[in-house]
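Undergrad: Residue numbers (the UniProt record's numbering): 2 to 257. Each residue gets a CB set at the ideal place from its N, CA and C atoms; glycine is no exception. These numbers were taken from a predicted model, which means no experiment stands behind them.
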Ligand code: NAD
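Okay, structure coming up:
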């Protein structure tokens with residue numbers, strides 16, 4: 002059980018982050034959920050997770066594209082035994098056409114935010130002699146696809162950052178690993194479907210099976226609950242010696 006631990010999950014008002022928040026709360030952790038939006042629904046979501054699992058859940062607004070806001074999120078959390086760096090965005094374009102502001106935003110949100118939150122959280126973890134940093138990378142942290150230059154670069158960076166974090170914390174009761182999902186049906190992926198339908202002149206079901214899940218041998222999406230379960234495992238005593246590595250949850254994608 003994770004009772005008495007506080008988990009901070011960046012970008013957790015939807016998709017994978019929300020699934021992780023639910024599973025950590027189910028395992029007994031108090032949870033801080035985050036996004037940049039600060040809507041009534043975000044606070045209601047925190048209350049809902051708390052009610053479902055009988056733990057304390059707070060929503061803290063912070064924009065993960067700004068380094069100082071990332072550090073402030075950890076300070077406002079007050080405690081951070083488990084840090085899950087999950088916030089992420091996607092943009093698809095050829096390198097020659099890739100908008101510079103999109104490149105900068107993806108590197109900031111998908112990569113640099115994890116550096117800032119980790120820097121702020123490690124002193125808290127070292128003080129307690131226990132901590133978990135789980136970085137949500139991607140199959141694109143280990144392999145590449147065309148037109149996703151910023152995303153692939155950021156996710157490979159996240160895998161590298163995870164290894165360095167593991168080395169710097171080895172033996173201190175702290176572990177750091179990267180989880181590498183294949184395709185998970187979340188709003189981020191949902192948003193890519195219309196473009197892919199148009200590009201390939203296919204209907205929704207065909208584009209999902211033949212194009213999106215083409216590289217996922219199981220031809221099944223991973224679920225947000227499965228990602229949450231993977232994070233809970235990494236927080237368990239069984240995972241005390243798992244550090245500086247990647248865990249793929251990708252239906253066989255990276256085995257191909
Ligand atoms: P999502 O769009 O459902 O969730 C993204 C989350 O990030 C949201 O909670 C959003 O509020 C938050 N976010 C975005 N910009 C932010 C900012 N500036 N500040 C704070 N929060 C911000 O997407 P998802 O699919 O759940 O993605 C979550 C993570 O998983 C991302 O890092 C993504 O790259 C990774 N991932 C997703 C898939 C997939 O198939 N869905 C596969 C591999 C990796």
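(1) Is the closest heavy atom of ligand 1 to the C-beta of residue 182 under 7 Å?
(2) Using C-beta distances below 6 Å, list every residue in its chain close to residue 109, excluding the 5 sequence neighbours before and after it, in chain order.
(3) What I want to know is whether the C-beta of residue 212 ends up closer than 7 Å to one or more non-hydrogen atoms of ligand 1.
(4) What residues match up with residue 142 in a beta bridge as DSSP calls it?
(5) Alpha carbon to alpha carbon, how far is residue 115 from residue 176? Give it in angstroms, no decimals.
(6) With distances taken Cα to Cα, identify the nearest neighbour of residue 26 among 236, 103, 247, 73.
(7) How is the beta strand (DSSP E) around residue 132 delimited, first residue to last?
(8) Have a look at residue 219 and residue 252 and give me their C-alpha separation to the nearest angstrom.
(9) Given this structure, state the Cα-to-Cα distance separating residue 248 from residue 179, to the nearest angstrom.
(10) Whose C-beta lies closer than 6 Å to the C-beta of residue 39 among residues of the same chain, with five residues either side of it excluded?
(11) Assuming residue 12 and residue 18 make a contact with CB atoms under 8 Å, what is their CB distance in whole Å?
(12) Any contact of the region 70-89 with the region 122-129, i.e. 3+ C-beta pairs under 8 Å?
TA: Here's the rundown:
(1) Residue mapping note: residue 182 aligns to position 181 of the chain shown, counting from 1. Checking the Cβ of residue 182 against ligand 1 gives yes.
(2) Reading the chain shown from its first residue, position 108 is the one you call residue 109. The beta carbon of residue 109 sits closer than 6 Å to the beta carbons of 66 from its chain, once the five residues preceding and following it are set aside; these are given in chain order.
(3) In the chain shown, counting from the first residue as 1, residue 212 sits at position 211. Not under cutoff, so the answer is no.
(4) Taking the chain shown and counting its residues from 1, the one referred to as residue 142 is at position 141. In the DSSP secondary-structure assignment, residue 142 is not bridged to any residue.
(5) Taking the chain shown and counting its residues from 1, one reaches residue 176 at position 175. Taking the chain shown and counting its residues from 1, one reaches residue 115 at position 114. Rounded to the nearest whole angstrom, the CA to CA distance from residue 176 to residue 115 is 15 Å.
(6) For the purposes of this step, residue 26 is identified with residue 25 of the chain shown, where counting begins at 1. Among 236, 103, 247, 73, the Cα nearest to that of residue 26 is on 236.
(7) For the purposes of this step, residue 132 is taken as residue 131 along the chain shown, with counting starting at 1. Annotation: the continuous beta strand (DSSP E) that includes residue 132 extends over 132-137.
(8) In the chain shown, counting from the first residue as 1, residue 219 sits at position 218. In the chain shown, counting from the first residue as 1, residue 252 sits at position 251. So the alpha carbons of these two residues sit roughly 5 Å apart.
(9) In the chain shown, the residue the question calls residue 248 occupies position 247. In the chain shown, the residue the question calls residue 179 occupies position 178. Across the structure, residue 248 and residue 179 are spaced so that their CA atoms are roughly 6 Å apart.
(10) For the purposes of this step, residue 39 is taken as the residue at position 38 of the chain shown. So the list reads 62, once near-sequence residues are dropped.
(11) In the chain shown, counting from the first residue as 1, residue 12 sits at position 11. In the chain shown, counting from the first residue as 1, residue 18 sits at position 17. That belief holds up - the Cβ atoms of residue 12 and residue 18 are roughly 5 Å apart, short of 8 Å.
(12) Flag = yes, the region 70-89 and the region 122-129 touch.
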